[in-house]
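Counting in the working numbering, the sequence shown runs from 24 upward without gaps.
Remarks on the structure that follows.
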Amino acid sequence: MTVTGGERPTHDSAEDREAARDLRRDLVRDLDGEVRFDDYTRQLFARDASMYAITPLGVAFPRHADDVAAAVAAAAARGVSVVPRGAGTSLAGQTVGPGLVLDLSRHMNRIVELDAGSGTALVESGVVQDQLNRAASPWGLMFGPDTSTSNRATIGGMIGNNSAGSGSVRHGMTIDHVRELDVVLSDGSRVRLDRADEAERALRATRSTLEGALYRELPEIVRANATAIAEGFPAHWRRACGYRLDRLAREDTGFDLAKFVVGSEGTLAVATSALVDLVPKPSRTVIAVGHFSSVAAAIDATQDALACDPAAVELMDRTILDLSRRKIEYAALGDLLNGEPEALLFVTFSGDDEDELLGQLKRLTTLWSRHGHGYHTLRAVTPAQQSSLLKVRKAGLGLLMAASEGTRRPLAFVEDTAVDPVHLADYTRRFKEVLDRHGMTAGFYGHCSVGCLHIRPYLDLADPADVVRMRSVAVEIKDLVAEYGGVNSSEHGDGLARSEFNREIFGDRLYEAMRQVKRLFDPHDVLNPGKIVDARPMTENLRDAALPPAEPLRTRLSFEVIGAGAAHGAGGGADGGTGAMRAAADRCMNIGLCRKAGSGTMCPSYMATRKEEDSTRGRAAALVKALSEPDPRAALGDERLHEVLDLCLMCKACKSECPLGVDMATLKSEALSHRHDSHGVPLRSRVFGSIRLLNRLGSATAPLSNLPGRSALLRRLMDRTVGIAPARPLPVFVRHNLSRWFRRRTPATHAVTQGTVTYLADSFTTFTEPDIGRAAIRLLERAGWDVRLESGVCCGRSSLSKGLVDDAKNKARHLADTLSASTEAGSPVVGCEPSCLMTLRDEHLSLLPDDPAVKDIAGRVRQVEELLVEAIDDGRLRPREDSWLAGRTLVYHGHCHQKAEVGTAATVALLSRIPGVSVVELDAGCCGMAGSFGFESEHYDVSMTVGEDRLFPAIEAEPPETVVVATGVSCRQQIFHGTSRDAWHPVQLLWEAVTSD
């Protein structure tokens, strides 16, 4: 095996290639699940959420426990190590390694049984924590450990890590909730681990198997090292480090190997399923949010909080608060805060008796007031008051990562220490002194209730000097935490970041006992070697240090706009620079928020397929690989790369929901343009890129142009020649389009009091739904605006989606010049199709970052809803109290680009101003249509799967009298196709409310 910078295996020797070929053949023969050994798949699994990267030999995706056993046996026979992996969100490098990665999340994600009577659940390892909690919720139950990554963390990963979370002061750690484990041992044998009394242990010890050896020899290891076990473990209870020999030594728990392997990071066994305990789910929660002038002041208030029996006490410092204000996804928190706190302390009380909870809340505020803690306490009693608070609290890690600048990132290497909360204030002060002495800054957040703070210093590991500084700080903090009787890892595990120090932490005798345990379970070092014991230095296999310098690449889009700037030495700007595009992709730190399901929009293709390569981080990793090749221009044309990019719907949800703002839509546009350079532009891409021309022709020739949509023969022909899905209804063209109506209509007679506004006649509704534009224009005129229609120029949105970037640039320049020359300075530009309107304020800046006209127009773009809300509030528009909408519920589905760029608040506000209506905004993700994506034959099924995930069920659950609302033309098409329900644009409803008889 050859090794390059950062000790990263490259597997490029003849011996390695032969070993990979032989192992792959064995796995394909023996497994029901998929096996991938291609370079791109290996790159996708070379990283987790840590600062490390190791390229594996290959990846297998087991479908069941027998597949896991077969994979471990095959790897062991070939002398290849095995790395079990769940969501791949490990922060210490536990789930990266040079051997065979087993992705247990793709297929092994069934909840086999949920027994409400016994309060247990039997789950496969790939079940996600929130998935289990949703299933348990109707029974008033939940899984106790509450991690901030609950929407993507797998139960198997939590078992491997011994995860805890914010509620550990009440519910402990994962080890406290595991009853039984079905595992595969290092020889490929399958066994069940559980609690055994002495008679049962002795019986199992008689077996002439690896399992029998465990039951024979482990008790001897415990007896021989009783003193070291009693004295060598850190005093603090919240431990996610080392092997838990202390658990085996306890006389009150029996011989419980299930609990013993919890926290062993896949080094002793591979868990395939688990029987876990569930806990009662409290029906009520109240939260006090203390505002403090410093982190130290917030920590000082922790003891008063603990005196009130809280469910959680969480700290967040000013760094994270400021970062949250920059993201649309989290900006609502800023509206709730009082002043400019340097730190917040979230104290949560939960239970079933509301009066008791409010009493606890009152007692806390009284104590804080009496002892002078904080300057304000926010009381969040209802779920609505709590939602934005909880969203930001759970996003602490991601928000901190968003402050990364190139390869200078907040790194996880001393982020998981914990001490008794009594010592937390003094410990934190001394911790900060260490950082100050080394000239480091860091963000502070974490679990004050259990003395755990996640402190992540900013370092650039591409700089050898910072690597030295990192290790120096790690050593000092390791010694500091020992001085307070604390633990070096309290929930994030040892991995590659901390295992190096375990001999010093536990002492020679206890450490040697742990090495004996490893040799007993895994005599040939098959399972995730180099973690917990026998680890390499923490400074090896560093992700950023191993990345080669980016070769020059001439890009069409500017990636400075999406935050890459001069990272990696980028020259920045469109048509130039070195590494800006790679830096934009490499912002991804693999925290895995794009792997969530059941909430938000990102990432719709992952929600549909559950494949790593269909997540935002998977695509980012693939692009980093391509852009690190000696000839990145040629690599961007690679077929496998574009398989990975193919199912990206370009919804742009990642731009807002990804805390690091990885804008995959822009990256995909650029990558497609380079593919076209190498392979030519496909016919279908040219067709969809010319959509405005086609729609104009369709409108001019209607109704004849609508005949192909009704002919099965013509639909089959379109499928064969262009790849348009026969099952997808085509838009219906309207001859009397918006432009024609505007030219021929009787001029408005309303007084102009607001000036001129330009209405952007988009390429879609103008020709297929002109009623929307007519309603918007009439409403604006009634509101006192002189409306100018811009209907002759395309924004280039469709061209961008197909990678026709040069064409999009020409269209952007033409539109910006036209608007700049024909409109009053500072006058607003509005429209009703979010994908077109948002292009003016986003992609046009990436296309032409130095064009003053583009910058001017981008700054003048406003949503039409904003102007109409202002008009209603000023009394210039008066919706009727007795319109047919009064008394109805409006369910609103927002357009992805709108949510990503400006949010949906203006639309919700407009709908809420219609008298008598109740507005419900759906959290239903992407509709799945995504412009041309849902029309394309090979994408049709995925498009419908995305819609069926949440959007279709949410609408189908509504009674007939409910009014469905959607701002996007694609969304309305998809809703009708998937549910047979018509969806209205908000301006149509307002027009109905204004004019209804």
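The beta-carbon is built from N, C-alpha and C at its ideal position, and this holds for glycine as well.
Counting only the same chain and skipping the five closest in sequence on each side, list residues whose C-beta sits under 6 angstroms from that of residue i.
i: G721; result: S728, F756
i: T172; result: T112
i: R227; result: Y238
i: D279; result: R218
i: I937; result: P902, L908, A1016
i: R224; result: Y238, F278
i: T968; result: A631
i: V892; result: A932, L933
i: V584; result: With a pLDDT of only 39 at V584, under the threshold of 50, the placement of this residue in the model should not be trusted, and no figure is reported.
i: W1007; result: V988
i: R133; result: E147
So residue i packs on residue j, CB below 8 angstroms; how close in whole Å?
i: E944; j: G917; result: 7 angstroms
i: R610; j: L683; result: 5 angstroms
i: R801; j: W1014; result: 6 angstroms
i: G195; j: G167; result: 7 angstroms
i: V852; j: R883; result: 5 angstroms
i: L761; j: P793; result: 4 angstroms
i: G149; j: G179; result: 6 angstroms
Would you give the residue range spanned by the alpha helix (DSSP H) that residue i belongs to?
i: H697; result: 687-702
i: P857; result: 857-864
i: W808; result: Premise fails: W808 lies in the beta strand (DSSP E), 808-813, not in any alpha helix (DSSP H).
i: H665; result: 662-669
i: C994; result: 992-1002
i: G778; result: Unbroken run through G778 is the beta strand (DSSP E), 778-783; no alpha helix (DSSP H).
i: Y534; result: 531-544
i: P793; result: 793-805
When you compare only the Cα positions, how much space is there between residue i and residue j?
i: R246; j: R215; result: 24 angstroms
i: K878; j: P872; result: 7 angstroms
i: A589; j: K834; result: Residue confidence is low: A589 scores 38 on pLDDT, short of 50, so the model does not pin down where it sits. No coordinate-derived value is stated.
i: V445; j: A97; result: 51 angstroms
i: G397; j: S317; result: 9 angstroms
i: R995; j: R743; result: 26 angstroms
i: A366; j: T624; result: 30 angstroms
i: P731; j: L737; result: 6 angstroms
i: H591; j: A320; result: For H591, the predicted structure reports a pLDDT of 34, less than 50, and the residue's modelled location is therefore unreliable. The matter cannot be settled from this model.
i: V336; j: S191; result: 10 angstroms
i: A1028; j: T912; result: The displayed coordinates of the chain run from 24 to 1020. Any statement about residue 1028 would go beyond what the structure contains.
i: R820; j: P433; result: 36 angstroms
i: P552; j: L519; result: 10 angstroms
i: V816; j: R707; result: 21 angstroms
i: R532; j: K541; result: 14 angstroms
i: M493; j: L482; result: 8 angstroms
i: M952; j: V940; result: 28 angstroms
i: E377; j: C331; result: 15 angstroms
i: L329; j: L127; result: 38 angstroms
i: R768; j: A799; result: 15 angstroms
i: D874; j: D686; result: 22 angstroms
i: L412; j: A928; result: 18 angstroms
i: G600; j: F958; result: Low per-residue confidence applies at G600: pLDDT is 48, beneath 50, and the placement is therefore not dependable, though the value from the model is reported in the following sentence. Looking at the two C-alpha atoms, the distance is approximately 36 angstroms.
i: A645; j: E523; result: 31 angstroms
Can you list, in chain order, the residues of its chain whose CB lies under 8 angstroms from that of residue i, leaving out five sequence neighbours each side?
i: D61; result: R663
i: G778; result: W808, D809, E847, S850
i: P305; result: A334, S373, G374, D375
i: R349; result: A425
i: R538; result: V556, D557
Report all residues from its chain with a CB closer than 7 angstroms to the CB of residue i; omit the five preceding and five following residues, and keep chain order.
i: R202; result: T143, D217, A281, L298, V299, D300
i: L79; result: The amino acid at residue 79 is misidentified as Leu; the sequence shows Pro. So the list reads R65, F68, A69, V106, G120, P121, G122, L123, V124, once near-sequence residues are dropped.
For chain C, check one thing: does any of its Cβ atoms lie closer than 8 angstroms to the Cβ of residue i?
i: E662; result: Going by chain labels, chain C is absent from the structure shown, which holds only one protein chain.
In terms of residue numbering, what span does the beta strand (DSSP E) encompassing residue i cover?
i: T371; result: 366-374
i: M741; result: Not the beta strand (DSSP E): M741 falls in the alpha helix (DSSP H), residues 735-744.
Those runs of the beta strand (DSSP E) which lie wholly inside the segment 80-166 and span at least 3 residues: DSSP runs (the beta strand (DSSP E)) wholly in the segment 80-166: 81-84, 105-108, 123-126, 134-138, 143-147.
Sequence ranges, beta strand (DSSP E) only - wholly within the segment 387-434, length at least 3: 399-403, 431-433
Contiguous beta strand (DSSP E) assignments of at least 3 residues, all confined to the segment 190-268: Qualifying beta strand (DSSP E) stretches, in chain order: 201-207, 213-216.
Beta strand (DSSP E) segments (min. 3 residues) lying fully within the segment 263-312: 293-300
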